[in-house]
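In what follows, a structure is listed as structure tokens, so that the remarks can point back to it.
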Amino acid sequence: MKFGEKFTEYLLTEGERFRDKYSHVEYKRLKKVLKKCRSGDVHEDGATTEAVEALDTENEAAICRGTVRCVSRSCDFSRTLCPSQTCPVCDKIFFYELSKEISAIVGCFSSRARRLLHLHLASGFQRYLWRIKHRFADDHLAMIQEGRNLVSYVAMNALAVRKILKKYDKIHKSVNGRNFKTKLQAKHIELLKSPWLIELSAFQINSRDSEHGYIGEIFPECSCDFTGSDPVIRCTLPDSEKLEFSLTCPICLDTVFDPVSLGCGHMFCNSCACTGASVPTVEGVKTANRRAKCPICRQMGVYMDAVHLTELSLLVKKRCREYWNERLQTERAERIKQAKEHWDLQSRFILGF
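Okay, so the sequence shown: first residue is 50 according to my numbering, each after it adds one.
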């Protein structure tokens with residue numbers, strides 16, 4: 050079965066709930082745009098070179114939307130041959146629309162995964178309220194099913210993006226589609242680099258270890274290995290693509306403790322991330338200066354979007370208890386020291402000496 054048919058079938062079956070309320074890659078529509086581009090039936094007079102150049106102005110969004118409607122119509126097109134090496138109209142319109150779709154998918158996936166994992170870690174009366182609000186009758190089974198749906202959702206859309214970009218480069222004989230992936234990294238909207246995939250992996254492993262037993266799976270295959278020099282989580286997506294997440298902090302070179310993932314996707318111990326941003330651990334990574342850079346990729350503004358990986362922290366605590374207790378004592382002593390220094394400075398400032 051061709052991927053287009055497979056993706057359509059997914060949207061009509063498993064992805065039905067997501068299709069109605071949330072975005073997905075408009076694979077068939079984008080494919081039609083590329084088909085018209087290949088045949089030479091590309092752009093009507095509303096999509097001239099002048100319009101393309103105007104996309105670089107502050108009116109980019111409005112012009113793009115109007116031009117996309119022109120390209121997407123099934124009416125007559127002017128016969129303007131699309132150059133084989135590059136297509137400036139497609140480069141602007143095609144990638145602009147695809148970026149919007151991917152951003153919406155990332156937002157949907159992140160918000161739903163955050164809600165799901167918050168419910169899993171909630172306790173007592175809070176858990177009871179969440180179960181009523183979100184109608185989770187058998188909450189654990191329902192959460193496993195929700196996790197499976199989320200992974201299928203992001204995996205199928207990631208595959209659709211990869212397929213359509215490969216087709217773009219094939220038709221235009223270019224590497225623009227490949228370069229577009231680099232731009233996605235800079236915008237922090239890569240589908241398979243989401244920290245919530247790590248959290249869902251840890252959630253599945255924690256579920257196996259819980260009193261519920263192993264009653265379901267989110268990933269077809271998911272495992273963790275803390276025995277080697279580089280602890281990892283390995284999992285397989287529904288389309289058989291394999292993911293591997295290293296659990297070694299690149300700063301202290303030890304297993305991550307109280308892990309956080311920055312906006313760029315790099316993962317650190319919370320205290321190491323704070324050190325890298327030159328902020329006290331007691332204040333947290335999100336208080337870092339906007340110009341603070343990731344210690345690995347040197348991107349700015351990534352601390353504001355940091356995510357605390359609570360499920361992963363729980364997994365490390367269960368699988369490496371001795372190491373976790375040792376780090377806990379060290380971190381606690383350091384935080385007490387930082388808190389004392391902070392209040393000493395505040396007292397001196399208030400008293401004027």
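C-beta atoms are modelled at their ideal positions from N, C-alpha and C, and glycine is treated no differently.
Owing to the predicted nature of the structure, the values given are computational and were not obtained by experimental measurement.
Residue i: first and last residue of the uninterrupted beta strand (DSSP E) it sits in
{"i": "Arg381", "result": "Careful: Arg381 lies outside any beta strand (DSSP E), inside the alpha helix (DSSP H) at Arg370 to Leu400."}
{"i": "Ser310", "result": "Pro308 to Ser310"}
Whole-angstrom distance between residue j and residue i, CA atom to CA atom
{"i": "Trp245", "j": "Leu286", "result": "14 Å"}
{"i": "Arg368", "j": "Cys284", "result": "18 Å"}
{"i": "Thr324", "j": "Cys346", "result": "16 Å"}
{"i": "Lys84", "j": "Ala235", "result": "29 Å"}
{"i": "Arg163", "j": "Lys149", "result": "21 Å"}
{"i": "Pro280", "j": "Ala322", "result": "19 Å"}
{"i": "Arg227", "j": "His391", "result": "48 Å"}
{"i": "Met192", "j": "Asp258", "result": "16 Å"}
{"i": "Gly314", "j": "Phe294", "result": "11 Å"}
{"i": "Ile254", "j": "Cys273", "result": "8 Å"}
{"i": "Glu239", "j": "Leu61", "result": "25 Å"}
{"i": "Val309", "j": "Val356", "result": "5 Å"}
{"i": "Asp393", "j": "Glu332", "result": "15 Å"}
{"i": "Phe306", "j": "Phe275", "result": "13 Å"}
{"i": "Leu22", "j": "Val200", "result": "Because the chain in this structure spans residues 50 to 402, residue 22 falls outside the shown range and cannot be described."}
{"i": "Glu195", "j": "Leu79", "result": "29 Å"}
Coil, strand or helix - residue i by DSSP
{"i": "Thr330", "result": "coil"}
{"i": "Pro344", "result": "coil"}
{"i": "Met192", "result": "helix"}
{"i": "Thr336", "result": "helix"}
{"i": "Phe158", "result": "helix"}
{"i": "Cys288", "result": "The sequence shown places Asp at residue 288, not Cys. Here Asp288 sits in coil by DSSP."}
{"i": "Ile142", "result": "helix"}
{"i": "Ile213", "result": "helix"}
Which residues DSSP lists as bridging residue i, in chain order
{"i": "Ile282", "result": "Cys273 and Phe294"}
{"i": "Val356", "result": "Ser310"}
{"i": "Thr304", "result": "Thr297"}
{"i": "Met349", "result": "Lys342"}
Limits of the alpha helix (DSSP H) - the one that residue i falls within
{"i": "Phe317", "result": "No alpha helix (DSSP H) contains Phe317, which is instead part of the beta strand (DSSP E) from Met316 to Cys318."}
{"i": "Glu75", "result": "No alpha helix (DSSP H) contains Glu75, which DSSP labels as neither H nor E."}
{"i": "Ile254", "result": "Pro244 to Asp258"}
{"i": "Phe56", "result": "Phe52 to Leu61"}
{"i": "Gly226", "result": "Asn225 to Lys236"}
is_contact[residue i, chain B] using C-beta, thresh 8 Å
{"i": "Thr231", "result": "Judged by its chain identifiers, the structure shown contains no chain B, having just a single protein chain."}
Meets three-Cβ-pair contact criterion under 8 Å: the segment 312-324 and the segment 287-304 = The segment 312-324 vs the segment 287-304: in contact.
How do the segment 51-64 and the segment 201-212 stand: do at least 3 beta-carbon pairs fall below 8 Å, yes or no?
-> Contact holds: three or more Cβ-Cβ distances are below 8 Å.
So does the segment 345-360 actually touch the segment 370-388, counting three or more Cβ pairs closer than 8 Å?
-> With a cut-off of 8 Å, the segment 370-388 and the segment 345-360 do not count as touching, because too few Cβ pairs lie within range.
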